[in-house]
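As they're listed, the protein sequences go chains A and B.
Each residue of the first sequence is one higher than the one before, starting from 19 at the first, in this note's numbering.
Each residue of the second sequence is one higher than the one before, starting from 27 at the first, in this note's numbering.
Okay, structure first, notes after.
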Amino acid sequence: MNWGVITPLIIFLAIIFAIGIWSNKLVLKSQSFLEGYFLGERSMGGFILAMTMVATYGSASSFIGGPGVAYTRGLGWVLLAMTQLATGYFTLMVLGKKFAIVSRQYKAVTLIDFLKERYQSKAVVLLSAASIIIFLFSSMTAQWIGGARLVESLTGLPYSTALYIFAFSVLVFVIVGGFRAVALTDTVMGVVMFLGTLILLIATIKAGGGVSKIISDLAAENPNLISPFGADGSLSPTYVSSYWILVGVGVVGLPQIAVRAMSYKNSKAMHSAIVIGTIVVGVIMLGMHLIGVFARPVLPGIEVGDTVMPLLSMKVLPPFWAGIVLAAPMAAIMSTVNALLILVSSALVKDIYLNYFKPSASDNHIKKVSFGATAVIGVIVIIFSLSPPDLIVWLNLFAFGGLESVFIWPVIMGLYWSGGNKYGAITSMIIGMGSYIWLDRFYPNAFGFHTVVLPIIFSFIFFVVVSLATRSRTATESIRFGK
Amino acid sequence: MKKTEAPLDKRFKIAHREALIGVILVIINFIWWYGFGYGLGSEKVENYHYIWGLPAWFFYSCIVGTILMVILVSLTVKFLFKDVPFETEEGENQ
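So this is what it looks like as structure tokens:
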């Protein structure tokens, strides 16, 4: 046990818990438990909004998996990682004011509320809830594995014990706090992630003897490490460019991100969030992946990519600072898991249970069901995480691409094309999810693209064609929307 | 319902314009990233130029590109984005 490193981490966790408990008091006081627990009452300012988006998006893959892959692949992977810069501004600009205004008109608390009001269809609600539950489960599992790995490499405890420790802290926190707690602690976590990245980057460059020295060491080992094509030359421009869709613009379709785009206070908050978000995403993505590459000459011969970050921090930093820096991935993982837990439980409780089983439930009853559902989901994820695969980045990206193919067009076209209707949305969701799973199994890189590209194209075509073909059947609904 | 028709349309017009700006920014971002990344990076590694110790393709594509986008985004938000109210009068019952 390395107490020098663990102490700052424990202090960090204690602060996070304190915030969670404090914000729980606010939720208990507030008028509506539902809006408070699942949305934080649309009260987020610009800084909090930016940080919560970054923290939700920046996950185990940005801090553990991503740098690990960068370590083996070289600068080409950093180029790929920079496709994520767009998420900082694109999501908020495109969902933007229209989403904020419309979701208020609809009184929507979740992404599914929005889709339900927009398309007036039970099938859309059930499909959305099902895909959120299925895909976010695999995503959450990946995050928990990342968290447990981190605790494991820090403390030397066995993986399963590490998993229980991590899981316990997250669960207690989310169950007591809800969305507001998540948004507030995301802010603290976002700041920690930002500073941790800077500290570790500087320390790594120093340990490697300066940027020029590191780059020439890399080139001496394998010139491809400093080319954009990856260590084995396999990163083709087509493949890497398709990440613009997967982790750049496609992020618009991720429910955990979209729900944040309806939770801010006013347009000023949105404006400053766009600027802050872009800066923070830029620094974290560039910094973390560059750290992964620079780690190679400093710490050669690491086999398991996921361990690069923790091992590097403990090597190049004094213990106390290593603890602070390692709080960053911890923060990233916790905040993503928190957001996903809230989202999955809102899909179950709010979108399915309250809509179709017990619409007249009292506030007290909703509260009990929400806490219970969140806890049960958490326990199931722990069971999944007990037999983990190796590189968590791929598992996580599977959920990413799947959700994007399901939600991107129903959300975007729902907002900007009054001609879109429920038949289009249902077909596009089924085609999106079906073709994603099918392609992932049989043609993962059709035409050199990442798997996500074709399903997104298919679901777009089906959305438009089916909506147009069924136009006469739903004329009244589009008038209702276009008011 | 009818009373709110005019202000709603105006707010949506602003929203649509800003969404379009987002799309344009992504396209600029992509062209810059791709152009420098693969334009300069496709040369043989022995012929690379270096800036601040980093290969030139990487420096321009990833580092300058990020700074450029931060500047573009800040300018856009400052000068092209407009403040609009989100709440509708009729929606405020409480």
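Ideal Cβ placement from N, Cα and C applies to all residues, glycine included.
Note that this is a predicted model, so its numbers are computed, not measured.
Looking from the CA of lysine 115(A), the closest CA among Gly466(A), Ile351(A), Ile401(A) and Tyr282(A) belongs to Tyr282(A).
In its chain, beyond the 5 residues on either side, Val169 have a beta carbon closer than 6 Å to the beta carbon of isoleucine 183(A). Alanine 391(A) places its beta carbon less than 7 Å from that of leucine 366(A). According to DSSP, residue pairing for proline 81(B) in a beta bridge involves Tyr76(B).
In this structure, tryptophan 78(B) sits away from phenylalanine 62(B), with a CB-CB distance that is not shorter than 7 Å.
Residues are counted here when their Cβ sits less than 9 Å from a Cβ of chain B; for the segment 63–78 of chain A the count is zero. DSSP, read as helix, strand or coil, puts tyrosine 282(A) in strand. Neighbourhood of leucine 304(A) in chain B, by CB distance below 9 Å: Cys88, Ile89 and Thr92, in chain order.
With respect to methionine 100(A), valine 355(A) sits apart: the two C-beta atoms are not nearer than 7 Å. With a cutoff of 7 Å on beta-carbon distance, phenylalanine 312(A) and isoleucine 220(A) are scored as not near each other. The straight-line gap separating the alpha-carbon atoms of leucine 103(A) and leucine 175(A) is approximately 36 Å. Counting of Cβ neighbours within 10 angstroms places histidine 468(A) among the buried residues, the total reaching 16 or more. Taking CB atoms only, leucine 272(A) has no neighbour in chain B less than 7 Å away.
Closest in alpha carbon position to lysine 286(A), among Met111(A), Val23(A) and Ser423(A), is Met111(A).
A contact between stretches requires three or more CB pairs, one per stretch, nearer than 8 Å, and the segment 422–429 of chain A meets this requirement with the segment 441–458 of chain A.
Counting the other Cβ atoms within 10 Å of the Cβ of glutamate 321(A) gives fewer than 16, which makes it exposed. In this structure, the beta-carbon distance from serine 146(A) to alanine 417(A) does not fall below 7 Å. Contact with chain B is found for threonine 296(A), since one of that chain's Cβ atoms lies less than 7 Å from the residue's Cβ. Here the alpha carbon of tryptophan 339(A) sits roughly 20 Å from the alpha carbon of arginine 167(A).
With 16 or more other Cβ atoms from the protein chains shown falling within 10 Å of its own Cβ, proline 246(A) counts as buried. Under the DSSP assignment, isoleucine 119(A) falls in the alpha helix (DSSP H) whose first and last residues are 103–123. In terms of beta-carbon proximity, tryptophan 262(A) lines the interface with chain B, with at least one pair separated by less than 7 Å.
Identification of chain A residues near alanine 41(B) by a Cβ-Cβ cut-off of 8 Å yields Gly114, Lys115, Lys116 and Ile119, ordered along the chain. A residue is called buried when at least 16 other Cβ atoms come within 10 angstroms of its Cβ; phenylalanine 465(A) does not meet this threshold and is exposed.
The segment 321–330 of chain A makes no contact with the segment 114–129 of chain A: fewer than 3 CB pairs, one atom from each, lie closer than 8 Å. Taking CB atoms only, alanine 276(A) has no neighbour in chain B less than 7 Å away. Within chain B, the residues Gly63, Tyr64, Gly67 and Trp83 have their CB atoms less than 7 Å from the CB of proline 246(A), given in chain order.
Less than 7 Å divides the Cβ of alanine 73(A) from the Cβ of serine 353(A).
Contact annotation, leucine 344(A) with leucine 172(A): C-beta distance approximately 6 Å; criterion of less than 8 Å satisfied. Boundaries for threonine 325(A): no alpha helix (DSSP H) harbours it, and the DSSP string shows neither H nor E there. The way I'd put it, the segment 357–372 of chain A doesn't touch the segment 250–265 of chain A; fewer than three beta-carbon pairs between them come closer than 8 Å. In summary, isoleucine 97(B) is exposed, with fewer than 16 beta-carbon neighbours lying within 10 Å of its beta-carbon over all protein chains present. In chain order, His289 make up the part of chain A whose C-beta sits under 7 Å from the C-beta of phenylalanine 107(B). DSSP places histidine 383(A) inside the alpha helix (DSSP H), whose first and last residues are 381–403. Shown here, threonine 488(A) sits in coil according to DSSP, grouped into three states, outside any helix or strand. One alpha carbon belongs to valine 267(A), the other to proline 473(A), and they sit about 14 Å apart.
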